[in-house]
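Chains X and U, in that order, give the protein sequences.
Residue numbers 1 to 302, in my numbering, belong to the letters of the first sequence in order.
Residue numbers 303 to 570, in my numbering, belong to the letters of the second sequence in order.
We put the CB at the ideal spot given by N, CA and C, even for glycine.
A short write-up of the structure that comes next.
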Amino acid sequence: MIINGVQIDDTFAEAFGVRGTRVIITAQNHKWANIAATTMTGFATSVIACGVEAGIERELGPEETPDGRPGVSVLLFAMGSAVLMKQLETRLGQCVLTCPTTAAFSGIDGDSEMVTRINLGKNLRFFGDGFQISKQFGGKRYWRVPVMDGEFLTEETTGMVRAVGGGNFLILAESQPQALAACEAAIEAMRKLPNVIMPFPGGVVRSGSKVGSKYKTLIASTNDAFCPTLKGITNTDLSPEIESVMEIVIDGLTEEDIRKATRAGIAAACELGASNGIKRVSAGNYGGKLGQFQFHLREIMA
Amino acid sequence: MSALTFTLKTQPQQRVDMSPLTPDSLAGKSATDIAAIELQCGNRKLRTDALFNISGDDASAIVISNACGKLDFIGHGMKSGSITVHGGAGSYLGLGMKKGTLTVHGNVDAFAASGMAGGMMHIHGNVGDFLAAALPGDRKGMKGGTVLITGNAGDRAGDQMRRGIILIEGNVGAYCASRMLAGTIGVMGSVGEFIGFGMRRGTLLLFSQPQLHATIQDCGLHTLPFLSLMFKSFRALQSKFATLDKNRVRRYAGDIANDGKGEILVFL
Chain X
1 MIINGVQIDD TFAEAFGVRG TRVIITAQNH KWANIAATTM TGFATSVIAC GVEAGIEREL
61 GPEETPDGRP GVSVLLFAMG SAVLMKQLET RLGQCVLTCP TTAAFSGIDG DSEMVTRINL
121 GKNLRFFGDG FQISKQFGGK RYWRVPVMDG EFLTEETTGM VRAVGGGNFL ILAESQPQAL
181 AACEAAIEAM RKLPNVIMPF PGGVVRSGSK VGSKYKTLIA STNDAFCPTL KGITNTDLSP
241 EIESVMEIVI DGLTEEDIRK ATRAGIAAAC ELGASNGIKR VSAGNYGGKL GQFQFHLREI
301 MA
Chain U
303 MSALTFTLKT QPQQRVDMSP LTPDSLAGKS ATDIAAIELQ CGNRKLRTDA LFNISGDDAS
363 AIVISNACGK LDFIGHGMKS GSITVHGGAG SYLGLGMKKG TLTVHGNVDA FAASGMAGGM
423 MHIHGNVGDF LAAALPGDRK GMKGGTVLIT GNAGDRAGDQ MRRGIILIEG NVGAYCASRM
483 LAGTIGVMGS VGEFIGFGMR RGTLLLFSQP QLHATIQDCG LHTLPFLSLM FKSFRALQSK
543 FATLDKNRVR RYAGDIANDG KGEILVFL
């Protein structure tokens, strides 16, 4: 399969079942909502060492938020529910409670087989040292915690769902600037879609990994098959003209969301085409044995 | 199916206990069964059809027309459906009500919404004393749900109220929110003296400066974001409160003689 001169490999991305949640952060203006959200989703690129993978889903207008102020929706994903709950609590406590003018609300409503309620402000309220006030409207409980800039308002719980983490694709280009330009175009297209985040810096990873290492203590190490400087000395996956490879990792609330994001991203990268040095699109997998989900590139782009 | 309608024949000499006539207790009963239900009236028991003309068959939507202030315990413990009362209602309206809708077009006597745990009560008229208060011997008043009053309320409105929302478009008497445990009371009109007496927690929304006793303390002017959220939840209500959209208040806290975690918010 070739799109605009870009070869789409007959391979698949392998993704995992994870737990995901959404939090809506509002503030006096988008500037401060974004500051809180950026801080809360900092150091959250990979579950390997960060606990969660998190990112900003999108900005919300005042008409879309519970309290009618400008807001931002944040998605967080973790391998297990216990880690997700712990990370949500500490990140909310250190990054949102502390941020001037903010409030935090549930981003996933309902309580069913599909949606589990997890703590949002439920334990954070004790920061109020007895001066916290509970209010219930429309079947939801909110906490008003007195803080130095006024009151921190937070919903008691948010919803946790089963989600998909680790969808990905690789962009192989003739030079580093060209690979990055293609990734930027892909990320710009993917950010417009709901229910997904690209957790790595700017949405792009340059250090894709393989499972295992020559060093016994390492569980993952550099993906030498895709390292352009090792073309001559390893079992390479690269043709001679490839000089740079970058990866985009996608976490989404459902398989379909990742499928759509993958398609939008690859389409945007391919638009630049072979004339801009974009040669191939591939994907990372572990032979199909580890993950529950497979995203076959040619199927998605068909 | 048309609404099950009870039309009062004549004003009874004694008070009538209406608690057997709720949507859930009448569900599935035949017209003859309903007619034979005995209602306590003073020291006697009277058949329902002795007091009321009965028409209609939909027990989930009960209408009581030509009603008067002698009819007590309307909607006692109701768990579903609706009761609409045309004319006045007596005391203990919606006592221990759990779900459903209770509407009164007329005035209501004491202890309305006492022990109410859920549902919606809408009174197009005035209510007597002890609105949503605890019965003597009980430790908690209203425990949930929403009460809308278009008229005035008497003394002790919200006494020992534990949870829920009461929105009063008119005035209230003395000791409003006394010994209140939690919940929200909004009063658009004036309030009497000793507002929030012994108030432990909870929120009072007022639109004019009340006369406060010494153990209610001024906490200054504030813009409180939760008010926007609360007023948004009022939007669907058939009340003047549905159009509110301001969150600048003066906050008074108290009663510091009794824990002092309650608040009186006065809009400017």
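Within the region 382-411 of chain U, complete beta strand (DSSP E) segments of at least 3 residues are found at 384-389 and 403-407, given in chain order.
Secondary structure at cysteine 270 of chain X: helix, using DSSP grouped into helix, strand and coil. At a Cβ-Cβ threshold of 8 angstroms, leucine 76 of chain X and alanine 54 of chain X count as neighbours. Counted as a single uninterrupted DSSP element, the alpha helix (DSSP H) harbouring phenylalanine 528 of chain U occupies residues 527-536. Look at proline 512 of chain U: its C-beta is not under 8 angstroms from any C-beta on chain X. For the region 322-346 of chain U, the full-length beta strand (DSSP E) segments reaching 3 residues or more read 340-343 along the chain. The beta carbon of methionine 303 of chain U lies closer than 7 angstroms to those of Asp359 and Asp360 in the same chain, with the five residues before and after it left out. If you ignore the 5 residues before and after serine 213 of chain X, its C-beta comes within less than 8 angstroms of the C-beta of Ile219, Ala220 and Ser221, all in its own chain and listed in chain order. Shown here, methionine 85 of chain X sits in a helix according to DSSP, grouped into three states. Close to phenylalanine 308 of chain U, with beta-carbon spacing below 7 angstroms, lies no residue of chain X; the smallest spacing is near 32 angstroms.
Membership of proline 177 of chain X in the alpha helix (DSSP H) is indicated by the continuous run 176-190.
No Cβ of chain U is located within less than 8 angstroms of the beta carbon of glutamine 176 of chain X. Contact annotation for serine 535 of chain U against chain X: Phe137 and Gly138 [CB-CB distance below 8 angstroms, chain order]. The Cβ-Cβ distance between leucine 514 of chain U and isoleucine 497 of chain U falls below 8 angstroms.
Going by DSSP, valine 161 of chain X is part of the beta strand (DSSP E) stretching over 157-173. Boundaries of the beta strand (DSSP E) harbouring methionine 422 of chain U: 422-426, taken from the DSSP string.
By the C-beta criterion, the region 500-518 of chain U is judged to be in contact with the region 556-566 of chain U, since at least 3 inter-stretch pairs fall below 8 angstroms. Taken through DSSP and simplified to helix, strand or coil, leucine 373 of chain U comes out as strand. Per DSSP, reduced to three states, the secondary structure at lysine 135 of chain X is strand. One Cα belongs to proline 70 of chain X, the other to phenylalanine 126 of chain X, and the distance between them is close to 27 angstroms. Neighbours of methionine 422 of chain U in chain X, taken as residues whose beta carbon is under 7 angstroms from its own, are absent, since the nearest beta carbon is some 13 angstroms off. Rounded to whole angstroms, the separation of the alpha carbons of aspartate 461 of chain U and arginine 481 of chain U is 6 angstroms. Per DSSP, glutamate 59 of chain X is one residue of the beta strand (DSSP E) stretching across 52-60.
In this structure, the beta-carbon distance from leucine 353 of chain U to proline 314 of chain U falls below 8 angstroms. Cβ atoms of leucine 508 of chain U and leucine 567 of chain U come within 8 angstroms of each other, at about 7 angstroms.
With respect to glycine 447 of chain U, glycine 475 of chain U sits apart: the two C-beta atoms are not nearer than 8 angstroms.
The beta carbons of alanine 44 of chain X and isoleucine 56 of chain X sit about 11 angstroms from each other, so the pair does not count as a contact at 8 angstroms. Proline 66 of chain X belongs to the set of residues whose beta carbon lies under 8 angstroms from a beta carbon in chain U.
In the three-state reduction of the DSSP assignment, histidine 378 of chain U falls in the coil class. DSSP, read as helix, strand or coil, puts valine 96 of chain X in helix. Arginine 141 of chain X has a beta carbon lying at 8 angstroms or more from every beta carbon in chain U.
Taking every protein chain shown into account, the CB of valine 6 of chain X has 16 or more other CB atoms within 10 angstroms, so this residue is buried. DSSP places aspartate 351 of chain U inside the alpha helix (DSSP H), whose first and last residues are 350-353. Leaving aside the five residues that flank threonine 101 of chain X on each side, the residues in its chain whose CB is nearer than 7 angstroms to its CB run, in chain order, Ala27, Gln28, Trp32 and Asp149. Between histidine 296 of chain X and phenylalanine 12 of chain X, the C-beta gap is smaller than 8 angstroms, which places the two residues in contact.
Taking 8 angstroms as the cut-off, the beta carbon of isoleucine 266 of chain X is found no closer than this to the beta carbon of valine 164 of chain X.
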